Every structure is written in structure tokens, then in C-alpha cells.
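Colleague: Numbering (the numbering used here), first residue to last: 16 to 424.
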Amino acid sequence: MYIKYRSERWGQGGDARVLVMEYKAVVNKNQKIAINEAIRTSQFVRNKVLRYWMDNRGVGKKELYRYNTQLRDEFKFVKDLNSHACQASVENVERAINRFFDKCKKGKPGKKGYPRFKKHSRSVEYKQSGWKLHPTKRRITFTDKKGVGGLKLLGKWDINTIDEKLIKRVRIVKRADGFYVQFCVKVDNTQPAPDTTSEVGIDVGLEYFYSDSNGNHEHNPRFLRKVEKDIKRSQRKIYKKKKGSSGRRKARGVYARKHLRVTRQRNEHASRLARNLCLLNSMVVLEDLNVSGLVRNHKLASSIVDASWYLFRQWLEYFGRKFGREVIAVPPHYTSQECSNCGVRTQKSLSTRTHYCSHCGHIEQRDINAAKVILSRVNGRGGHPQTNASGVVVPTSVGSNTCKSKQRR
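Set out below in C-alpha cells:
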């Protein structure tokens with residue numbers, strides 16, 4: 016079983032958070048067909064509502080939900096799906112539209128993310144109806160007319176500890192290795208953590224996964240690089256099979272499961288490191304990197320994606336909230352060029368792995384020097400007058416643990 020944490024995405028609004036508890040579902044052949052039909056129906060509703068919005072500019076939220084009701088009256092297979100599941104598809108469109116207009120209003124450079132049609136949906140989402148938990152809470156029954164029926168749940172985290180009223184959403188997710196059921200529970204997931212006053216700055220990289228201001232390096236596991244040849248071999252086998260054949264379908268499944276394994280390895284690695292950092296330090300400072308912009312460099316894109324920097328930051332923010340720690344992102348400008356001892360900038364190429372300051376003679380490993388600079392942008396220079404960054408320190412924690420933005424002069 017895999018446990019994730021993500022912000023509320025189902026129309027609750029505000030700073031609400033949910034804990035997502037995920038279980039493997041045991042399905043038979045007929046249930047597999049029924050789940051796939053429910054997923055396709057959910058995708059159909061979403062795409063039809065989006066097309067309605069495109070063809071009728073200016074329509075609001077009420078009109079979208081009214082059109083959803085029309086779809087249920089017009090198509091029997093839509094009516095067979097639970098009404099709240101159809102509403103969840105409309106909410107998906109509504110979020111995409113609002114996100115697009117928000118980016119336009121804020122003047123975000125580049126593409127604004129105009130809502131697009133879904134071609135390959137892999138989940139169907141129910142609200143607080145359309146499903147029923149067994150008293151043992153080891154089985155779940157979907158009560159709409161799609162015919163999914165009862166599913167046995169496999170997992171270590173016993174959902175018996177959770178009040179059923181706190182389950183806000185239930186989602187069936189299709190993956191390469193089977194089907195999963197996610198319970199989105201609105202709970203206070205904060206936990207007490209050991210008292211500590213230590214602070215750390217971290218600099219993510221490709222040679223090392225990260226280097227910290229205490230002089231430590233974390234090995235970069237390079238999960239994709241290790242199995243890249245095997246994945247490419249399995250990909251070539253797909254094209255050797257006849258189109259539409261069962262052999263080609265099986266080969267695609269093998270290929271997808273290999274990628275899924277890499278994804279889970281990255282997630283486990285990032286969450287473990289983030290948890291340890293937040294337990295050991297009262298404040299973690301990192302760079303506010305634009306990862307989507309960095310991957311445009313085609314020579315480094317694969318390595319950056321394999322390092323999963325953004326996933327690591329998400330886990331840091333989660334454990335920061337959970338343990339009451341401060342997780343702060345600072346502007347990344349010149350962190351690799353500045354001297355952590357005197358603040359003077361020394362130009363160096365990416366191939367130069369040792370920092371040498373011609374002003375004060377300070378010599379240090381490049382990434383550790385950058386981690387110390389990152390930490391200093393929150394704590395101050397200790398008397399040095401140099402300015403370390405242009406811009407405002409960005410707090411990534413939410414709530415009472417948010418650190419106030421600081422600017423040195």
C-alpha cells in the first residue's frame with residue numbers, strides 16, 4: 016500500500032488538506048470491464064462539458080452543471096454512473112478553467128495551460144455517495160449501475176481507525192499493475208517531533224542528489240539510468256508484435272510496469288530523505304527552482320527528471336507541515352557563484368566542482384558552498400554587507416509555521 020499527501024483537489028477550497036490512503040483492489044474479469052466502463056464514462060462527461068464551455072464562452076458554473084444533467088437524461092450509460100461521480104468530472108473541468116484564467120490574470124509567461132480534452136483517463140472519482148464500506152472496512156461496494164460491485168482491499172494501514180464520515184472522496188485508479196482504491200480523508204495529520212534548533216540549507220544537484228550546509232552529500236540513486244537499457248529493450252519488443260494482438264498488449268504491460276517501478280522508487284527515496292531532514296532540523300532552506308524551465312535543456316532534461324527535484328520539494332513541504340517545521344524556498348540566483356565566507360561572486364562553469372574565492376582564499380566543494388549560501392539568505396550574512404539575492408524569500412510552509420519573508424539590505 017502506498018500513502019500519499021496532496022492538497023484538496025475536489026472542490027473543498029481553502030487550505031484544506033486530505034490524507035490519501037491507497038489500497039490495492041482485487042478484481043475479477045467482469046469487474047475490470049465495469050471499472051474501465053466507469054472510467055470511460057467519467058472521461059466522456061468531462062470532455063463533453065469542456066466542449067460545451069468552448070462553444071459557449073461566458074457560461075458559468077451553474078450552466079456546466081445543468082449541461083451535466085442534460086447528459087444524464089440523454090445518455091443511459093452516463094445515468095448509470097453515480098451522479099456525484101459525474102459532478103466530480105464537472106469539477107475537474109471547472110478547476111482547469113479557473114487555473115487557466117488565474118494564470119492569464121497573473122500574467123504568467125509562456126503557455127497558460129488552456130483546458131484540453133482527456134484522451135486516456137485512468138481514474139473515476141466518487142464523492143460521499145455511490146459506495147459503501149463493509150463493517151470490517153476491508154471491502155468496499157460501489158452501488159451505482161455500472162456493475163463494479165464489491166472489491167476486496169489489500170493494504171497494511173487499517174482504515175478502521177478512520178471515521179467513515181471523514182472520508183470525503185473515493186477514487187478507483189487504474190495502473191500498470193492493477194487497480195487501486197484511494198480514500199481521501201480529511202484529518203489533522205500533524206505529529207509531535209523532537210525539539211531541535213538546528214537549521215540546514217540544501218542544494219540539489221545531479222552529481223549528488225543534494226548537498227547540505229553541514230558538509231554532507233546524499234548519493235544520487237539514478238533509478239532510471241540503472242534500468243534504462245532494460246526499459247528500452249522491453250520497448251523494442253512492443254514493436255515486434257503485431258498490432259492489436261494479445262502479445263503486443265502484454266509487451267506494453269511489461270514496459271509500463273518497469274516505468275511504474277522507477278516512479279515508486281523515486282517517490283520512496285524522496286519521501287524518506289525529506290522526512291529525515293524535517294525530523295532533524297527546525298528549518299530547511301532550499302532553492303525555489305523553476306524545474307519546468309530547467310528541463311527545456313535537452314542535454315540535462317532526462318537527468319533532472321530522474322533526480323525528481325520537484326517531488327522532493329513536495330515531500331519536504333508535507334513533512335514540514337506534519338512536524339511543525341519551517342521549509343523555506345529562496346531565490347536561486349548566483350548561489351553557485353557566491354562565496355559562503357565573504358559573499359563575493361566568482362564566475363565558474365558547471366564543470367568546475369571546487370569553489371575557490373580569489374578575494375578571501377576560501378576553498379570548498381562547490382555544492383556545499385552553495386548550500387551554505389542558500390542558508391545564509393534566510394539567516395543573514397553575519398555582518399557582511401553584500402546582497403545575496405534580488406527578490407523575496409518564498410515561504411513554502413502553510414499556517415502557523417510560515418516564516419516571514421526576509422530581505423537583507
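Here a beta-carbon is modelled for each residue, glycine too, at the ideal position from N, C-alpha and C. Owing to the predicted nature of the structure, the values given are computational and were not obtained by experimental measurement.
1. From which residue to which residue does the alpha helix (DSSP H) around isoleucine 112 run?
2. Expressed to the nearest angstrom, what Euclidean distance is found between the alpha-carbon atoms of asparagine 305 and lysine 44?
3. Quick one: residues in its chain with C-beta nearer than 6 Å to the C-beta of tryptophan 25, no 5 flanking neighbours on either side, listed in chain order?
4. Threshold first: 4 residues or longer. Then list the alpha helix (DSSP H) segments lying entirely within the stretch 298-377, N to C.
5. Report back the beta-carbon spacing between serine 391 and serine 355 to the nearest angstrom; my notes put them in contact at under 8 Å.
6. Do leucine 86 and glutamate 109 count as a contact pair if the criterion is CB distance below 8 Å?
7. Looking only at its chain, what residues have a beta carbon closer than 6 Å to the beta carbon of leucine 309, apart from the 5 residues adjacent to it on each side?
8. I need the boundaries of the beta strand (DSSP E) containing histidine 232, first residue and last residue.
9. If we count the other Cβ atoms within 10 Å of its Cβ and call it buried at 16 or more, is leucine 34 buried or exposed?
10. Using three-state DSSP, classify serine 260 as helix, strand or coil.
11. In angstroms with no decimal places, state the Cα-to-Cα distance between glycine 398 and histidine 313.
12. Tell me whether the beta-carbon of phenylalanine 59 lies closer than 8 Å to the beta-carbon of valine 105.
13. For glutamate 140, which option in Val196, Arg114, Asp192 and Gly230 has the closest C-alpha, if you only look at C-alpha atoms?
14. Taking 7 Å as the limit between beta carbons, can you name the residues of its chain near lysine 201, skipping five residues before and five after?
15. Can you list, in chain order, the residues of its chain whose CB lies under 8 Å from that of leucine 169, leaving out five sequence neighbours each side?
16. Which word fits methionine 69, buried or exposed, when buried means at least 16 other C-beta atoms lie within 10 angstroms of its C-beta?
17. Using a threshold of 8 Å, state whether the C-beta atoms of leucine 239 and asparagine 282 are closer than that.
18. Evaluate contact between the stretch 49-56 and the stretch 147-165, counting only Cβ atoms and requiring at least three cross-stretch pairs below 8 Å.
19. Glycine 216 and isoleucine 389: beta carbons closer than 8 Å?
20. Is DSSP giving alanine 40 helix, strand or coil here?
21. Determine contact between the stretch 269-285 and the stretch 346-355, defined as no fewer than three beta-carbon pairs at a distance below 8 Å.
22. May I have the straight-line CA-CA distance separating arginine 248 from glutamine 362, to the nearest angstrom?
Modeller: In this structure, then:
1. From DSSP, the alpha helix (DSSP H) with isoleucine 112 extends over 98-121.
2. If you take the alpha carbons of asparagine 305 and lysine 44, they lie about 44 Å apart.
3. Reliability fails at tryptophan 25, whose pLDDT of 30 lies under 50, so the model's placement of it is uncertain and the value that follows must be treated cautiously. Answer for tryptophan 25: Arg184, listed in chain order.
4. Qualifying alpha helix (DSSP H) stretches, in chain order: 306-309, 316-322 and 324-338.
5. 7 Å between Cβ atoms; contact.
6. Not in contact: glutamate 109 and leucine 86 (Cβ atoms no closer than 8 Å).
7. Once the five neighbours on either side are set aside, the close Cβ partners of leucine 309 are Ile319.
8. Per DSSP, histidine 232 belongs to the beta strand (DSSP E) from 232-234.
9. By the neighbour-count definition (other C-beta atoms within 10 Å, threshold 16), leucine 34 is a buried residue.
10. Note: serine 260 maps to coil in three-state DSSP.
11. Here glycine 398 scores only 28 on pLDDT, less than 50, and its place in the model is too uncertain to base an answer on.
12. No, these two residues do not count as a Cβ contact at 8 Å.
13. Glutamate 140 has its Cα closest to that of Val196, out of Val196, Arg114, Asp192 and Gly230.
14. Once the five neighbours on either side are set aside, the close Cβ partners of lysine 201 are Ala31, Val33, Leu181 and Lys183.
15. Result list for leucine 169: Met16, Tyr38, Lys39, Ala40 and Val41, in chain order.
16. So methionine 69 counts as exposed.
17. In this structure, leucine 239 lies away from asparagine 282, with their beta-carbon atoms at least 8 Å apart.
18. The stretch 49-56 is in contact with the stretch 147-165.
19. A contact, by the Cβ cut-off of 8 Å.
20. Three-state result, alanine 40: strand.
21. A contact between stretches requires three or more CB pairs, one per stretch, nearer than 8 Å, and the stretch 269-285 fails this requirement with the stretch 346-355.
22. Arginine 248 and glutamine 362 have their C-alpha atoms some 42 Å from each other.
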